[in-house]
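Asker:
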Amino acid sequence: MNEQAMSALNSTIKSPVKNLIGSVFIPVHDIEKSRRWYCQVLGLPETDCKIMNGHLCPLPMQGNTGIILDTMPLWGGLEPEGTPPITTPAFLLLTDDLQASFNYVKALGVELVTEIQDEHWFVVKDPDGNKLMICKQHLD
Numbered sequence: 001m002n003e004q005a006m007s008a009l010n011s012t013i014k015s016p017v018k019n020l021i022g023s024v025f026i027p028v029h030d031i032e033k034s035r036r037w038y039c040q041v042l043g044l045p046e047t048d049c050k051i052m053n054g055h056l057c058p059l060p061m062q063g064n065t066g067i068i069l070d071t072m073p074l075w076g077g078l079e080p081e082g083t084p085p086i087t088t089p090a091f092l093l094l095t096d097d098l099q100a101s102f103n104y105v106k107a108l109g110v111e112l113v114t115e116i117q118d119e120h121w122f123v124v125k126d127p128d129g130n131k132l133m134i135c136k137q138h139l140d
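With UniProt numbering, the residue at position 33 of the sequence shown is 33, and numbering never jumps.
(1) Measuring CB atoms only, is the region 58 to 75 touching the region 18 to 37, in the sense that at least three cross pairs come out at less than 8 Å?
(2) Across which residues does DSSP place Leu94 in a beta bridge pair?
(3) Rounded to whole angstroms, how far is the Cβ of Leu69 from the Cβ of Leu93, which I believe are closer than 8 Å?
(4) What are the boundary residues of the beta strand (DSSP E) that includes Ser15?
(5) Are His29 and Gly82 closer than 8 Å when you measure CB to CB?
(6) Find out if the Cβ-Cβ distance for the pair Leu56, Leu44 is shorter than 8 Å.
(7) Just tell me which of Glu119, Thr88, Phe91 has its CA closest to the CA of residue 172.
(8) So for Pro89, helix, strand or coil by DSSP?
(9) State the Cα-Cα distance for the pair Ile13 and Ala100, rounded to the nearest angstrom.
(10) Leaving out five residues on either side along the sequence, give the residues of the same chain with a beta carbon under 7 Å from the beta carbon of Ile31.
(11) Can you tell me whether Phe91 is buried or exposed, with buried defined as 16 or more other CB within 10 angstroms of its CB?
(12) Mind reading off the beta-carbon distance from Asn130 to Pro85? Whole number of angstroms is fine, and I expect it under 8 Å.
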């Protein structure tokens, strides 16, 4: 569809697709190992993070947007190398205390990709090589 047709369609029809993210999928190789890591980093009891259908693990998050760990069997997860990791931070996790969060993940032995940058954020890698940003929440 060309831009003119898209513009005409947008002006006459309201999109049924909501401007709202439901969940973010994170590709993982070992669902149990990943559940343990994410629960530790996020301070969640593993008992609250049930593995479903042998390959999905929804994490109970605050707010409306969820995180789902997934071995993604339909998208290459059954291949020996599994699905490729997210190589750039696709989302960020918020913190009220950036330095305490940095010290906490460092003490857990989490792989640090960056130090604290601009007194605002840093990036870590999960066990599968996915990059996650942890960012100071500003209350404006």
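We treat Cβ as the ideally placed atom computed from N, Cα and C, and that holds for glycine. Quick caveat, the model's predicted, so the values are computed rather than measured.
Answerer: On the basis of the data shown:
(1) yes
(2) Taking the first residue of the sequence shown as position 1, residue 94 is located at position 94. Paired residues: Cys135.
(3) Along the sequence shown, read from residue 1 onward, the residue named residue 69 stands at position 69. Along the sequence shown, read from residue 1 onward, the residue named residue 93 stands at position 93. In fact, because the Cβ distance is near 14 Å, the residues do not count as touching under 8 Å.
(4) Here residue 15 refers to the residue found at position 15 of the sequence shown. Per DSSP, Ser15 belongs to no beta strand (DSSP E) and is neither H nor E.
(5) Reading the sequence shown from its first residue, position 29 is the one you call residue 29. Reading the sequence shown from its first residue, position 82 is the one you call residue 82. Yes, these two residues count as a Cβ contact at 8 Å.
(6) Reading the sequence shown from its first residue, position 56 is the one you call residue 56. Reading the sequence shown from its first residue, position 44 is the one you call residue 44. No. Outside cutoff.
(7) With the chain represented from 1 up to 140, any question about residue 172 goes unanswered, as that position is not in the structure.
(8) One-based indexing of the sequence shown puts residue 89 at position 89. In the structure shown, Pro89 sits in coil (DSSP, three-state: anything other than H, G, I, E or B).
(9) Numbered from its first residue, the sequence shown carries residue 13 at position 13. Numbered from its first residue, the sequence shown carries residue 100 at position 100. Roughly 48 Å separates the two Cα atoms.
(10) Working through the sequence shown from its first residue, we reach residue 31 at position 31. Correct list, in chain order: Ile51, His55, Cys57, Leu69, Thr71.
(11) Along the sequence shown, one-based indexing puts residue 91 at 91. With fewer than 16 other Cβ atoms within 10 Å, it is exposed.
(12) For this step, residue 130 is matched to residue 130 along the sequence shown. For this step, residue 85 is matched to residue 85 along the sequence shown. Confirmed, Cβ separation roughly 5 Å.
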